[in-house]
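In this note's numbering, the protein residues as written are 5 to 208. Idealized CB from N, CA, C, for every residue including glycine. Every value quoted in this text rests on a predicted model; they were computed, and no experiment measured them. Written out below as structure tokens is the structure these notes cover.
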């Protein structure tokens, strides 16, 4: 899922790591816990596979620190300088989506998730403008069919004689959430069926 999100963001424009992390959290709102410890290995992996390339690496500007007058102070200043330099260089490495990366993005976006994962589906909806109309409609209808099946299971479960009032309330609450999701999808499906294709219905 992280690869899909990164490729989708780079398909819009070249970006550096800090900007990618901010957009994952603030705009897509789906990968809220992504850290640089997972983001940069993912970018390196995508770079090795040829899906992205580095197109810029601005030099970090380093200013000399005044002498502190103590050995421990000088060592602390040196450590801070090295850390700041590493962070500065890392934050300024700019990544670009390659033609191969565009093909990988289109494939990942169109394929069905291997399991029922609301976050994965939400990410695909957030990036659905890059799908052709028929693929968008298929994505929405497939998810709706999954939720209809899930709702049927929950409704049967609420009638189970072994459930006490507390357990039944939890199952009913889950069922209500699924009904809301189905209603949301019904609106998206109706809009998709009546929408005139626009120029954004292309791969990034």
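Grouping DSSP H, G and I as helix and E and B as strand, with all else coil, what is residue i?
{"i": "residue 159", "result": "helix"}
{"i": "residue 167", "result": "coil"}
{"i": "residue 206", "result": "Unreliable positioning characterises residue 206 in this predicted model, as indicated by a pLDDT of 44, which lies under 50. A coordinate reading is not provided."}
{"i": "residue 26", "result": "helix"}
{"i": "residue 140", "result": "helix"}
{"i": "residue 172", "result": "helix"}
{"i": "residue 121", "result": "coil"}
{"i": "residue 199", "result": "coil"}
{"i": "residue 31", "result": "coil"}
Between which two residues does the beta strand (DSSP E) carrying residue i extend?
{"i": "residue 100", "result": "97-101"}
Which residues mark the beginning and the end of the alpha helix (DSSP H) in which residue i is found?
{"i": "residue 132", "result": "Note, residue 132: premise wrong, no alpha helix (DSSP H); not H, not E."}
{"i": "residue 2", "result": "The requested residue 2 is not part of the displayed model; the chain covers only 5 to 208."}
{"i": "residue 116", "result": "Per DSSP, residue 116 belongs to no alpha helix (DSSP H) and is neither H nor E."}
{"i": "residue 48", "result": "40-53"}
Mind checking residue i: buried by the 16 CB within 10 Å criterion, or exposed?
{"i": "residue 182", "result": "buried"}
{"i": "residue 116", "result": "exposed"}
{"i": "residue 184", "result": "exposed"}
{"i": "residue 41", "result": "exposed"}
{"i": "residue 156", "result": "exposed"}
{"i": "residue 134", "result": "buried"}
{"i": "residue 60", "result": "exposed"}
{"i": "residue 123", "result": "exposed"}
{"i": "residue 19", "result": "buried"}
{"i": "residue 153", "result": "exposed"}
{"i": "residue 146", "result": "exposed"}
{"i": "residue 105", "result": "buried"}
Looking only at DSSP bridge pairs, what is residue i linked to?
{"i": "residue 20", "result": "98"}
{"i": "residue 60", "result": "98"}
For the putative contact between residue i and residue j, defined by C-beta atoms under 8 angstroms, what is the C-beta separation to the nearest angstrom?
{"i": "residue 113", "j": "residue 8", "result": "6 angstroms"}
{"i": "residue 100", "j": "residue 56", "result": "6 angstroms"}
{"i": "residue 109", "j": "residue 12", "result": "6 angstroms"}
{"i": "residue 127", "j": "residue 192", "result": "About 15 angstroms; that fails the 8 angstroms criterion."}
{"i": "residue 24", "j": "residue 50", "result": "With 8 angstroms as the limit, residue 24 and residue 50 do not qualify as a contact, their Cβ atoms being about 11 angstroms apart."}
{"i": "residue 179", "j": "residue 163", "result": "Not quite, the Cβ-Cβ distance comes to about 11 angstroms (not below 8 angstroms), so this is no contact."}
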